[in-house]
Amino acid sequence: MRTDNAVRRGTRGRPHGPQPAKRQAILDAAVTVFLREGYQRAGVDVIAAAAGVSKQTVYNHFGDKERLFLAAVEGERQRVAEVVVDGLLGD
Numbered sequence: 001m002r003t004d005n006a007v008r009r010g011t012r013g014r015p016h017g018p019q020p021a022k023r024q025a026i027l028d029a030a031v032t033v034f035l036r037e038g039y040q041r042a043g044v045d046v047i048a049a050a051a052g053v054s055k056q057t058v059y060n061h062f063g064d065k066e067r068l069f070l071a072a073v074e075g076e077r078q079r080v081a082e083v084v085v086d087g088l089l090g091d
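1 is the number of the first residue of the sequence shown in full-length UniProt numbering; add one for each residue after it.
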């Protein structure tokens, strides 16, 4: 039986699904930390703190440190490619 006071489900709590701004913050922090510390010394906990997220959030987005590193490198590769193309086209 449903009443007017029924609680709506799924409207509270943490957001579900991808969060592009949070993902980008993690990638930006990862680039900074990997450049400063190197791959071996860079800790996911340090990257998470620099991004303002929990370590678990980093793992939720990327799975592990290696995949985070690869995503960070790919993001930088794309950024550099855009700069080069813009320079060649005079934009």
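Every residue, glycine too, gets a C-beta built ideally from N, C-alpha and C.
Source: prediction; values computed, not measured.
Next on the checklist: Check this for me: beta carbons of Glu76 and Val31, under 9 Å apart or not?
Outcome noted: yes
Checklist entry - Counting pairs of beta carbons, one from the region 76 to 86 and one from the region 49 to 58, are three or more of them closer than 8 Å? => result Result no; under three Cβ-Cβ pairs closer than 8 Å.
Checklist entry - Is Val87 helix, strand or coil when you go by DSSP? => result For clarity, residue 87 is Gly in the given sequence; the question names Val instead. Note: Gly87 maps to helix in three-state DSSP.
Checklist entry - In this structure, does DSSP put Arg23 in helix, strand or coil? => result helix
Next on the checklist: Does Asp64 come out as helix, strand or coil in the three-state DSSP assignment?
Outcome noted: coil
Item to check | Segment limits, alpha helix (DSSP H) that includes Ala48 | outcome: Val44 to Ala51
Item to check | Local Cβ density within 10 Å of Leu27, reported as buried at 16 or more and exposed below that | outcome: buried
Next on the checklist: Using only the alpha-carbon positions, how far apart do Ala48 and Asp86 sit?
Outcome noted: 32 Å
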